[in-house]
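Engineer: Here it is, the structure in full.
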Amino acid sequence: MNLSTMLAARAAAGKPVRVGLIGAGKFGSMILSQAQHIPGYHIVGIADVNPAKAQASLSRVHWPAERYAAKSLAEAYAAGTTHITDNAADLFAFDGIECVIEATGHPLAGTRHALAAIEAGKHVIMVNVEADVMCGAILAEKAREKGVVYSMAYGDQPAAQCELVDWVRSAGFELVSSGKGMNFCPHYRYSTPDTVWDFFDFTPEQVKAGDFNPKMYNSFTDGTKAAIEMAAVANATGLDCPYDGLAFHPAGLQDLAEVFKPVSDGGRLEKNGIVDIAASREPDGRVVLNNIQYGMFVTFKAPNEYTRQCFNQYGLLTDKSGWYGSMWRPFHLIGLETSVSVLSAVLRGEPTGSSTRYRGDAVATAKGDFKAGEYLDGEGGFKVWAKAIPASRAHKIGALPIGLAHHIKLKRDVVRDQIITLDDVEIVDDLDIFALREQQNRLLEA
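Numbering-wise (the numbering used here), the sequence shown opens with residue 3 and increments by one.
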């Protein structure tokens with residue numbers, strides 16, 4: 003990669019890469035922490051509904067106060083400083099910003115922000131995987147039509163998986179599966195914001211002092227975030243989601259190639275070419291040896307006997323047959339790495355993963371038995387978890403996407419583990435997003 007060289011040339015020419023950030027939470031804070039250490043990389047504006055929160059985040063990551071004291075975007079642009087606003091539209095309207103990072107984590111707001119940024123002719127780095135899995139395919143199409151880049155955020159697991167998938171295909175191997183590691187046991191599925199800290203090693207003092215959102219962490223715990231991310235990977239790579247959702251197979255490094263291959267060849271996958279999760283715990287709670295809880299992986303197959311022999315000769319971890327191999331990245335640093343996406347979009351015109359098709363969806367699934375008249379509470383809440391299934395199946399049954407499952411009223415009873423459909427709920431709000439989803443349906447791939 004030569005992004006740093008290209009950026010240095012821009013900086014030397016007095017043309018830094020100028021960026022707007024929406025959302026100054028945990029991910030946004032990590033982005034800001036690194037931004038001040040990249041010459042030629044200028045965060046011109048930060049939009050957050052709570053400007054005081056943005057100021058606190060900047061202070062937490064050691065920005066000097068004078069650096070974010072600009073009274074306007076124009077002043078920030080001219081002085082190389084940063085302006086804080088409570089209105090994301092300010093970033094879209096300002097010509098000096100080339101690229102917008104959407105890091106709110108709110109699927110509806112994220113979708114609307116992306117649409118507005120694209121319409122304004124700005125590249126979009128979609129940290130907000132919740133929005134991407136819901137409407138990413140149609141957003142990417144609109145970006146292409148406008149001549150800008152719509153990209154996943156490097157440092158987050160989906161973009162890293164896209165990089166690994168690209169490596170497999172570029173090297174001429176047969177792609178078998180891609181996934182990520184995750185701390186998961188089956189009973190975690192029913193975790194709530196009230197119980198979530200029981201699954202982490204954080205002390206109450208840490209939780210109180212840090213930027214920890216219980217619903218966000220609960221989304222990681224109950225498997226919802228996994229479903230969202232794996233469906234997004236399917237849309238970016240052309241892989242499929244399992245028919246009835248992720249299986250969360252326990253597997254360590256030594257087992258990846260053995261487990262993540264088709265059942266027909268002795269593995270655990272229902273077929274070739276799907277996404278899934280390498281759980282870091284056995285169903286009884288025991289920790290898996292050499293687990294990749296924070297990592298990502300691909301499994302692939304040798305195309306011929308000669309390549310199979312090379313796998314063995316050069317130390318690749320393979321299954322017992324030697325035909326299937328695995329490659330992984332052991333960690334991801336989320337916002338600390340997101341500048342790579344910005345620079346790739348602005349300097350190369352390339353995304354670091356993009357939902358160029360509609361193959362997977364993350365659909366709302368009941369955490370318990372609920373009655374008509376009750377309200378769902380969305381990702382990471384008390385009422386629903388997300389299941390990653392093929393988009394064609396989701397469309398056929400009229401499944402409710404997890405991103406639209408917040409504060410929506412049930413009009414029929416549902417039972418635990420039932421996929422909730424559009425016919426089960428009263429649709430009165432967010433009609434613009436439902437209309438956008440209708441546009442996206444024409445991009446369905448069987």
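For glycine and all other residues, C-beta sits at the position ideal for the given N, C-alpha and C.
#1: Between Ala151 and Ala347, is the Cβ-Cβ spacing less than 8 Å?
#2: With DSSP as the reference, label Ser282 as helix, strand or coil.
#3: What would DSSP say about Arg331, mapped onto helix, strand or coil?
#4: Is it the case that the stretch 156-163 contacts the stretch 343-359, given that we only count it when at least three CB pairs across the two stretches are under 8 Å?
#5: With 16 other CB atoms within 10 Å as the buried threshold, where does Asp434 fall?
#6: Under 8 Å between the Cβ atoms of Ala90 and Ala81?
#7: Of all the options Ala49, Ser180, Leu319 and Arg69, which has the alpha carbon lying nearest to the alpha carbon of Phe262?
#8: By how many angstroms is the C-alpha of Leu345 removed from the C-alpha of Leu75?
#9: Using a Cβ-Cβ cut-off of 7 Å (strictly less than) and excluding sequence neighbours within five positions of Pro216, which residues of its own chain qualify?
#10: Report the residue from Glu121, Thr239, Tyr79 and Ile127 whose alpha carbon sits nearest the alpha carbon of Ile33.
#11: Assign His115 to one of two classes, buried (16 or more other C-beta atoms within 10 Å of its C-beta) or exposed (fewer than that).
#12: With DSSP run on the structure shown, which of helix, strand or coil describes Gly357?
#13: Can you tell me where the beta strand (DSSP E) holding Tyr418 begins and where it ends?
#14: Buried or exposed, going by whether 16 or more other CB atoms sit within 10 Å of the CB of Phe436?
#15: Name the DSSP beta bridge partners of Asp434, please?
#16: What is the DSSP secondary structure of Ala26, reduced to helix, strand or coil?
#17: Curious, which full-length alpha helix (DSSP H) runs of at least 4 residues does the stretch 175-208 contain?
#18: For Leu446 and Ala15, what's the separation of their Cα atoms in angstroms?
#19: How about Arg69 and Thr84: do their beta carbons lie closer than 8 Å?
#20: Run through DSSP, which three-state label would Arg62 get?
#21: Can you name the start and end residues of the beta strand (DSSP E) that Ser153 belongs to?
#22: Of the residues Thr205, Ala56, Lys144 and Trp330, which one's Cα is nearest the Cα of Ile294?
#23: Tell me which residue opens and which closes the alpha helix (DSSP H) that Thr309 is part of.
#24: Tell me where the alpha helix (DSSP H) around Lys217 begins and ends.
#25: Rounding to the nearest angstrom, what Cα-Cα distance links Ser371 and Val386 in this structure?
#26: Got a sec: is the Cβ-Cβ distance from Val178 to anything in chain B below 8 Å?
#27: Thinking C-alpha only, which one of Glu132, Lys373 and Arg310 is nearest Val427?
#28: Relative to the alpha-carbon of Phe384, which residue among Gly247, Tyr190, Val178 and Phe175 has its alpha-carbon at the smallest distance?
#29: How far does the alpha helix (DSSP H) with Cys243 in it reach, from first residue to last?
#30: When the Cα of Arg359 is compared with those of Leu110, Thr340 and Gln441, which residue comes out closest?
#31: Mapping DSSP to helix, strand and coil, what is Thr87?
#32: Report whether the distance from the Cβ of Ser74 to the nearest heavy atom of the ligand MG is below 7 Å.
Structural biologist: Well, looking at it:
#1: For the sequence presented, residue 151 should be read as Val rather than Ala. In this structure, Ala347 lies closer than 8 Å to Val151 by Cβ.
#2: coil
#3: strand
#4: yes
#5: exposed
#6: no
#7: Ser180
#8: 21 Å
#9: Pro195 and Val198
#10: Ile127
#11: buried
#12: Inspection of the sequence shows that residue 357 is occupied by Ser rather than by Gly. In this structure, Ser357 counts as coil in the three-state DSSP scheme.
#13: Note that residue 418 is Arg in the sequence shown, not Tyr. Element bounds for Arg418: n/a, residue is neither H nor E.
#14: exposed
#15: BP columns for Asp434 are empty, so no partner.
#16: coil
#17: none
#18: 44 Å
#19: yes
#20: helix
#21: Tyr152 to Met154
#22: Trp330
#23: Glu307 to Gln315
#24: Pro216 to Thr223
#25: Inspection of the sequence shows that residue 371 is occupied by Asp rather than by Ser. Cα to Cα, the separation comes out at about 10 Å.
#26: The structure shown contains no chain B; it holds only a single protein chain.
#27: Lys373
#28: Tyr190
#29: No alpha helix (DSSP H) contains Cys243, which DSSP labels as neither H nor E.
#30: Gln441
#31: strand
#32: In terms of ligand content, the structure shown is empty, and the ligand MG therefore cannot be addressed.
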